[in-house]
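To convert, take the position in the sequence shown, counting from 1, and add 468; that gives this note's numbering.
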Amino acid sequence: MRLSVDNDFQRRESSSTKALRQIQQLKSKVAELEQQHLCYVRSQQNLISAIAEICVSSVQEIEALRILIYKGEAECRRYLRSLLINQRKAS
469 MRLSVDNDFQ
479 RRESSSTKAL
489 RQIQQLKSKV
499 AELEQQHLCY
509 VRSQQNLISA
519 IAEICVSSVQ
529 EIEALRILIY
539 KGEAECRRYL
549 RSLLINQRKA
559 S
């Protein structure tokens with residue numbers, strides 16, 4: 469009887485330990501994802517600031533935002549670079 473109670477206790481303890489470890493792993497993953505999200509938001513804010521600075525017309529701003537939304541950050545940066553090059557050529 470004593471052995472059975474000891475085994476039950478050990479099993480519950482190991483289940484609790486396992487659950488606590490899984491909770492800690494999930495908390496770590498959530499923290500990592502939150503950090504990645506903050507970095508993403510900062511990069512998007514910087515890109516939107518760049519759009520406002522580089523675009524000389526509302527049509528260009530709309531196009532840059534459309535590219536950002538539908539094609540992503542890299543494509544939007546490419547578009548902004550092409551605008552800068554064209555602006556320099558025109559100057």
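Just so you know, even glycine gets a beta-carbon here, dropped at the ideal spot from N, CA and C.
Supposed close pair residue i, residue j - CB separation, criterion 8 angstroms
i    : j    : result
L536 : C544 : 4 angstroms
E541 : S517 : Not really, about 13 angstroms apart at Cβ, beyond 8 angstroms.
L548 : I519 : 7 angstroms
L506 : Q528 : Not a contact, Cβ separation roughly 29 angstroms.
Local conformation of residue i per DSSP, three classes
i    : result
S559 : coil
Any chain B beta carbon closer than 8 angstroms to residue i
i    : result
K557 : The chain inventory of the structure shown lacks chain B, comprising one protein chain alone.
Contacting residues, own chain, Cβ-Cβ under 7 angstroms from residue i (five flanking each side not counted)
i    : result
Y508 : none
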